[in-house]
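Quick mapping for you: the protein sequence lines, in order, are chains X and F.
Under the working numbering, the first residue of the first sequence is numbered 483, with each subsequent residue one higher.
Under the working numbering, the first residue of the second sequence is numbered 3, with each subsequent residue one higher.
Even glycine gets a Cβ: it sits at the ideal position worked out from N, Cα and C.
It should be emphasised that the depicted structure is a prediction, and the values quoted were computed from it without experimental measurement.
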Amino acid sequence: EAEVAQSPRYKITEKSQAVAFWCDPISGHATLYWYRQILGQGPELLVQFQDESVVDDSQLPKDRFSAERLKGVDSTLKIQPAELGDSAMYLCASTLSYQPQETQYFGPGTRLLVL
Amino acid sequence: AQSVSQHNHHVILSEAASLELGCNYSYGGTVNLFWYVQYPGQHLQLLLKYFSGDPLVKGIKGFEAEFIKSKFSFNLRKPSVQWSDTAEYFCAVNLSGNTPLVFGKGTRLSVIA
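Okay, structure coming up:
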């Protein structure tokens with residue numbers, strides 16, 4: 483069964499350093515999502531891509547976060563500089579299309595700890 | 003602001019007990035409703051969803067949920083839980099336009115023998 487791949491699985495960094503997370507969605511999935519999940523909370527959308535275009539980045543802290551999906555396939559989420567409050571699980575999900583009824587398929591996530 | 007409320011943070015049940023997890027949302031308009039589950043050490047995965055038709059939806063592993071529009075609710079039920087149902091359960095809602103999926107805070111279910 484096809485899965486969403488994410489790496490690394492765990493990342494420990496010091497504040498003010500740069501970190502990057504990678505996501506490879508299920509093959510053929512046009513829509514890709516990045517979520518942040520703080521411990522004890524549900525996932526919160528950071529950015530949504532339709533192919534290589536950003537559809538929604540209204541909740542992305544653009545002063546320090548950036549995301550790209552240059553060829554409309556895999557994607558990278560970057561934080562620079564990292565802050566203590568960025569410690570969280572970063573989840574990637576994908577859907578075949580942008581239809582809101584579509585099931586989102588999630589990857590295993592990257593757990594970030596900022597010291 | 004749009005929100006999703008899950009009433010129970012942690013539920014502990016004995017095997018064979020019945021389960022009902024509450025979910026309420028604060029949207030007007032046509033909604034799409036989801037329950038996702040995260041088993042220990044596994045990815046978030048879809049349990050069931052509703053977007054139209056019969057408001058009683060059946061999902062995997064014997065779970066079902068009922069959409070009650072007048073109560074803005076989409077509660078998850080299972081008549082008899084098993085130890086393997088131990089997991090975290092998330093309710094999520096979006097609107098029929100291209101709006102973000104908004105998740106509740108989740109309910110942790112522990113099933114004991």
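- Looking from the CA of H9/F, the closest CA among A94/F, G24/F and E17/F belongs to G24/F.
- The beta carbon of T592/X does not come within 8 Å of any beta carbon belonging to chain F, so the residue lies off that interface.
- Counting every other CB atom within 10 Å of its CB across the protein chains shown gives I561/X a total of 16 or more, marking it as buried.
- A check of alpha carbon separations from V529/X across G522/X, L521/X and W516/X identifies W516/X as the nearest.
- Annotation for S579/X: A512 and T513 place their beta carbon closer than 7 Å to its own, counting only its chain and skipping 5 residues before and after.
- For T101/F, the chain X residues whose C-beta falls within less than 9 Å of its own C-beta are D538 and P582, listed in chain order.
- In the structure shown, the three-state DSSP call for K544/X is coil.
- When C-beta atoms of the stretch 500-512 of chain X are compared with those of the stretch 79-93 of chain F, fewer than three pairs fall below 8 Å, so the two segments do not count as touching.
- Under the three-state reduction of DSSP output, I62/F falls in the helix class.
- For H12/F, the nearest beta carbon of chain X is not closer than 8 Å to its own beta carbon.
- Straight across, the Cα-Cα distance linking T577/X with E584/X is about 6 Å.
- Among the residues facing chain F, L578/X is not included, as its CB has no counterpart in that chain under 8 Å away.
- The beta carbon of Y27/F is closer than 6 Å to those of V6, F74 and V95 in its chain, skipping five residues each way along the sequence.
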